[in-house]
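Colleague: Quick one: this structure, given as structure tokens, is what I'll be asking you about.
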């Protein structure tokens, strides 16, 4: 069916319903007026009947009945006026009720239109609620996924921290082991150097030299005490002594190595690359322990 035709049929049926409703309301309101009007017609017909019957009577009793008829006529006029006044009052009440009913119908139409607008707004709001619920579900899913990713990242971070701590401990252990090995190697080297120096000092202490007092020039070393005694007898007064200060060239090279600037070979820190002054005793004794400790 065409939508325009359907709307026209709906409009016509609505008008018919309104007319039927108006007829019923007016019938109920004019019921009292119709009843009073019927009574008035009955009284009027009764008056006509009385007047017609009075004309048939004798002229003798016409004078006596005339007064009663006049009284009845006056009473009828009075009742007719009262009925007319009641009719006017009822018409006014009907008009007032009609206006009130029309106002109620207008307000009812307004309320119906408002109800239609409210129902449309309710449908719109329901659609918005459904849309918001869908968006909230999507946001909750995204939030849950992000929360899961955060938990996974935190677990990975904890694992990385544990691995870093383990690697740091392993590196510290390796550095400690390397430092211990270096200390042991340095200690062995220092002990070997000390033993070499002690041997050189002992060899220098055992060796004998002759010094010429006139020229203050060192004489050549002899390998046996007999030639030295012969030279001393031939040249004059000389004496033999063992010098602890005069050392071999090997001893001087050992002293030179003590004063050389060395660079550290450790990988633990940059402080080991600094140069420190190396102290030594008068007897050129090598330290028993390492001067640089990790």
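Numbering (the numbering used here), first residue to last: 68 to 361.
All C-beta atoms in this analysis are idealised placements derived from N, C-alpha and C, irrespective of residue type, glycine included.
Keep in mind the model is a prediction, meaning the values are calculated, not measured.
Buried or exposed, going by whether 16 or more other CB atoms sit within 10 Å of the CB of residue 113?
Modeller: Under this definition residue 113 is an exposed residue.
Colleague: Should residue 249 be labelled buried (16 or more other beta-carbon atoms within 10 Å of its own) or exposed?
Modeller: Result: buried.
Colleague: Flag this pair as yes or no: are the beta carbons of residue 135 and residue 110 separated by less than 8 Å?
Modeller: No. Outside cutoff.
Colleague: In the structure shown, what three-state DSSP assignment does residue 274 receive?
Modeller: In this structure, residue 274 counts as coil in the three-state DSSP scheme.
Colleague: Report buried or exposed for residue 211, applying the criterion of at least 16 other Cβ atoms within 10 angstroms of its Cβ.
Modeller: Its Cβ having fewer than 16 others within 10 Å, residue 211 is exposed.
Colleague: With C-beta atoms as the reference, is residue 155 less than 8 Å away from residue 100?
Modeller: Their beta carbons are not under 8 Å apart, which means residue 155 does not touch residue 100 by this criterion.
Colleague: Is it buried or exposed, residue 187, if we count other Cβ atoms within 10 angstroms and call 16 or more buried?
Modeller: So residue 187 counts as exposed.
Colleague: Closer than 7 Å by C-beta to residue 107: which residues in its own chain qualify, once you throw out the five before and the five after it? Chain order, please.
Modeller: Cβ neighbours of residue 107 beyond the five flanking positions: 147, 150.
Colleague: If I measure Cβ to Cβ from residue 216 and keep anything under 6 Å in the same chain, skipping five residues before and after, which residues do I get?
Modeller: None.
Colleague: Let's test the definition: count the other Cβ atoms within 10 Å of the Cβ of residue 264 and tell me whether it reaches 16, buried, or not, exposed.
Modeller: It is buried - the Cβ of residue 264 has at least 16 other Cβ atoms within 10 Å.
Colleague: Check this for me: beta carbons of residue 92 and residue 175, under 8 Å apart or not?
Modeller: In this structure, residue 175 does not lie closer than 8 Å to residue 92 by Cβ.
Colleague: In whole angstroms, give me the CA-to-CA distance for residue 197 and residue 81.
Modeller: So the two alpha carbons sit approximately 35 Å from each other.
Colleague: How long is the line joining the alpha carbons of residue 166 and residue 207, rounded to whole angstroms?
Modeller: Computed Cα separation, rounded: 59 Å.
Colleague: Would you tell me roughly how many angstroms separate the C-alpha atoms of residue 223 and residue 191, rounded to the nearest one?
Modeller: Cα to Cα, residue 223 sits roughly 47 Å from residue 191.
Colleague: According to the neighbour-count rule (16 or more other Cβ atoms, all chains shown, within 10 Å of its Cβ), is residue 267 buried or exposed?
Modeller: Flag for residue 267 reads buried.
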